[in-house]
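Take a look at the structure set out below.
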Amino acid sequence: RVLLQKMLMLLCLTFLVGSIVGVQQASMSTSVIRLMHQVSIFGYDLTELAISLISTGGRMGNAMGAIICPFVEKCVGRRKTVIIASLLNAAVFVGFMVSVHWVFTFVLRLLTGTFTFIAQTIAPAWLSDLSPPENKSKLIKFFELYISVAILVSNAVLLVVSDQAQLYRLSMVYGLLVSLSCAVISFFAKEQSKNNTQIVTNQCECEDKDLPITFLQRHQQTLWFENPEKRASIECELHDLSVINDHHHHPSNVADFRGSIEMNMEETSTDITHLQHPHHNAPNGNPNNEIVVNNITDKNTPNFSKARFIAIAIFFPMASQFTGMAIATQYATRVFEGVFHFENQYFGAALGATLVSVAKVVGSVIPLFFITKNSKIKKTTMFVIGVFGSIIGNILTALSFDSSQQSLFTILGVAIQLGFYEFGPGTMQYILYGEYYPEIYKVMLGSISFTVFSIMGILITFSFGYFLLPAVPYIVYCGGAALSGIILMVLMK
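For the sequence shown, the positions run -22 to -1, 1 to 471 when mature numbering (1 follows the signal peptide of the UniProt record, and there is no 0) is used.
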């Protein structure tokens, strides 16, 4: 019952964080800003420059959040960071309901982008820490689905209020409620305790003798292991332990083994080499029957260099953005302006955005059937498939501008684009940021990825309106997706 209650709480928390992100993403389109202006949410005139700045203010805030996130997380911890970011975000939504000046609205956009991005960056790793080991991936894989649901709800609200101006503030109330709820539930969420190291003794056969060995883990890939006084609790159980003699060293001095270690109740595959017997060279004065394990890596973490991981951290978000998801999601109403022949263009824009949001939700559900313990498809493979698949959607969207069936081709193209995005980068990026990056670099690499993601989003969304031919940006996305996808395949090989 306790486990069930904890999982329900974590699912609710994941939904709320995803909703905060979704609400922000759905409100970035210039069409949304114009609609807000039309329904007199703003009590002042807006120039085209002001509309562009307000629209991209969220993305600029995302970049700011990515920069300060590691410092905040290091100072107050992941849980408090999510709580503070959620509370501040709630305060910003209250500010959105007040009409002062467009500069005031722009500043609020910067702030909500900053707070949302901090929560978005920290939440996957924190939720993974909170989750029972067998449910880690199961929980994080819902994150993008919840973002998609929040975007769908936000666009559905736009669809309603496009003819009912006085109801527009409902979208602000929705953002306020999910932010406050996220802060409250995060306050009651308990992190797993990190106590002193427990040393577990196991038997290891070496030179035809049973040699009792105490395995003391010196986990060099986790920050809180760098200080020996602050090691986390470790309960190790070794299975299928086999010792292989190394011809370059005395068999009793160096051994290689491959096994399975349960650490903090989580099964972690290992590939550990060069176990040095302290009888010959005792580091740090360890007793003679101790062997120090110098390197344990998560089963999903490849053994790459730091520079290679940094390159991957850059091309992960580049590939994600070159799918065109920023335009298809945040500028969905802009894409569908004039596609439907309604007298109220905002209703048509909101209708198109709502339809593709449904496709986005469906695309978020499909990968859930592939992310299983016995799945034969790797998460990195799904990521790359999503990147290349999005090219098909972008090609159809580009062709729709010269077609007599523009509305059909536009809906179909954007739906395919978002479907493949959700199958690959949309869902996989949060799981990969939590599992693929080594623990010691996780915060740094996550910040790099989200910073690049934000900068690319700013460049793509800001430049979208300046292409003279509407098909050109989608052709650019095709080329960028193909190039970044190929580079990622080479880097991850």
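Positions of the beta carbon are idealized from the N, C-alpha and C atoms, including for glycine.
query = So, is K356 buried or exposed, given that buried needs 16 or more other C-beta atoms within 10 angstroms?
reply = Locating residue 356 in the sequence shown gives position 378, counting from the first residue. Counting Cβ neighbours within 10 Å, K356 comes out exposed, since fewer than 16 surround it.
query = Smallest Cα separation from S(-4): which of L27, S64, A44 and V50?
reply = Residue numbering aside, residue -4 sits at position 19 when the sequence shown is read from its first letter. Nearest C-alpha to S(-4): S64.
task = Could you name the residues of the same chain whose beta carbon sits closer than 6 Å to that of T358, not counting the 5 residues immediately before and after it, in chain order?
result = For the purposes of this step, residue 358 is taken as the residue at position 380 of the sequence shown. Only residues of its own chain outside the window of five on either side were considered, and among them M470 have a CB closer than 6 Å to the CB of T358, listed in chain order.
ask   = Leaving out the 5 sequence neighbours to the left and right, which residues in its chain are closer than 8 Å to T388 when beta-carbon positions are compared?
value = The residue given as residue 388 occupies position 410 in the sequence shown. Correct list, in chain order: V313, F314, V317, G330, T375 and S378.
ask   = Where does the unbroken alpha helix (DSSP H) through Y64 begin, and where does it stop?
value = Within the sequence shown, the letter at position 86 stands for residue 64. Reading off the sequence, residue 64 comes out as Ser, not Tyr. Here the alpha helix (DSSP H) through S64 covers E26 to F74.
Test item: CB-CB of V365 and V127 under 8 Å = In the sequence shown, counting from the first residue as 1, residue 365 sits at position 387. In the sequence shown, counting from the first residue as 1, residue 127 sits at position 149. No Cβ-Cβ contact shorter than 8 Å links V365 with V127.
task = Out of N281, V454, A297 and V139, point me to the one whose CA is closest to L323's CA.
result = As a first step, residue 323 is located in the sequence shown; it is residue number 345 there, counting from the start. The question names Leu, yet the displayed sequence has Gln at residue 323. If we check each option's Cα against that of Q323, V139 comes out closest.
query = Which residues in the same chain as E122 place their Cβ atom closer than 6 Å to its Cβ, once the five residues preceding and following it in sequence are excluded?
reply = Position 144 of the sequence shown, counted from the first residue, corresponds to residue 122. So the qualifying residues of the chain are S342, G404 and T405.
key: Burial state of K344 (16 or more Cβ within 10 Å)   = Here residue 344 refers to the residue found at position 366 when the sequence shown is read from its first residue. Correcting the residue type first, residue 344 is Ile in the shown sequence and not Lys. By the C-beta density criterion, I344 is exposed, having fewer than 16 other C-beta atoms within 10 angstroms.
task = Give a yes or no on whether the C-beta atoms belonging to M303 and V430 are separated by under 8 Å.
result = Working through the sequence shown from its first residue, we reach residue 303 at position 325. Working through the sequence shown from its first residue, we reach residue 430 at position 452. Between M303 and V430, the gap from beta carbon to beta carbon reaches 8 Å or more.
CA-to-CA distance, L66 to G91, given in whole angstroms = For the purposes of this step, residue 91 is taken as the residue at position 113 of the sequence shown. For the purposes of this step, residue 66 is taken as the residue at position 88 of the sequence shown. If you draw a straight line from the Cα of G91 to the Cα of L66, it comes to about 11 Å.
Three-pair Cβ contact test at 8 Å for the stretch 75 to 86 versus the stretch -18 to -9 = Result no; under three Cβ-Cβ pairs closer than 8 Å.
inquiry  = Just verifying my parser: in three-state terms, what is the DSSP assignment at K357?
reply    = The count along the sequence shown starts at 1 and reaches residue 357 at position 379. Taken through DSSP and simplified to helix, strand or coil, K357 comes out as helix.
key: CB-CB length for I363 against C456, believed under 8 Å   = Mapped onto the sequence shown, residue 363 falls at position 385. Mapped onto the sequence shown, residue 456 falls at position 478. The beta-carbon separation of I363 and C456, rounded to 16 Å, does not stay under the 8 Å limit for a contact.
query = Do D107 and R56 have their CB atoms nearer than 8 Å?
reply = Stepping through the sequence shown from its first residue, residue 107 is reached at position 129. Stepping through the sequence shown from its first residue, residue 56 is reached at position 78. Closer than 8 Å, so yes.
message = Can you find the residues in the same chain that come closer than 7 Å, C-beta to C-beta, to I453, ignoring five residues on each side of it along the sequence?
response = Taking the first residue of the sequence shown as 1, we reach residue 453 at position 475. Apart from sequence neighbours up to five positions away, the residues of its chain that approach I453 with a beta-carbon distance below 7 Å are A376, ordered along the chain.
request  = Please report how far the alpha carbon of S385 lies from the alpha carbon of S77, in whole angstroms.
outcome  = Walking along the sequence shown from the start, residue 385 turns up at place 407. Walking along the sequence shown from the start, residue 77 turns up at place 99. S385 and S77: Cα-Cα distance of roughly 36 Å.
For M470, three-class secondary structure by DSSP = In the sequence shown, residue 470 corresponds to position 492, counting from 1. Note: M470 maps to coil in three-state DSSP.
ask   = Exposed or buried, E321, counting other C-beta atoms within 10 Å across all chains shown (16 or more means buried)?
value = As a position in the sequence shown, residue 321 is number 343, starting the count at 1. Under this definition E321 is an exposed residue.
Within 8 Å, strictly: CB atoms of M360 and F347 = Start at 1 with the first residue of the sequence shown, and residue 360 comes out as number 382. Start at 1 with the first residue of the sequence shown, and residue 347 comes out as number 369. No. Outside cutoff.
inquiry  = Between which two residues does the alpha helix (DSSP H) holding S77 run?
reply    = Position 99 of the sequence shown, counted from the first residue, corresponds to residue 77. That residue, S77, is in no alpha helix (DSSP H); it is neither H nor E in DSSP.
query = What's the C-alpha gap between H319 and S441?
reply = Position 341 of the sequence shown holds residue 319. Position 463 of the sequence shown holds residue 441. Straight-line Cα distance between these residues: approximately 26 Å.
request  = Select from G458, I418 and A449 the residue whose C-alpha is nearest the C-alpha of A103.
outcome  = The sequence position of residue 103 within the sequence shown is 125, counting from 1. Scanning G458, I418 and A449 for the CA closest to the CA of A103 turns up I418.
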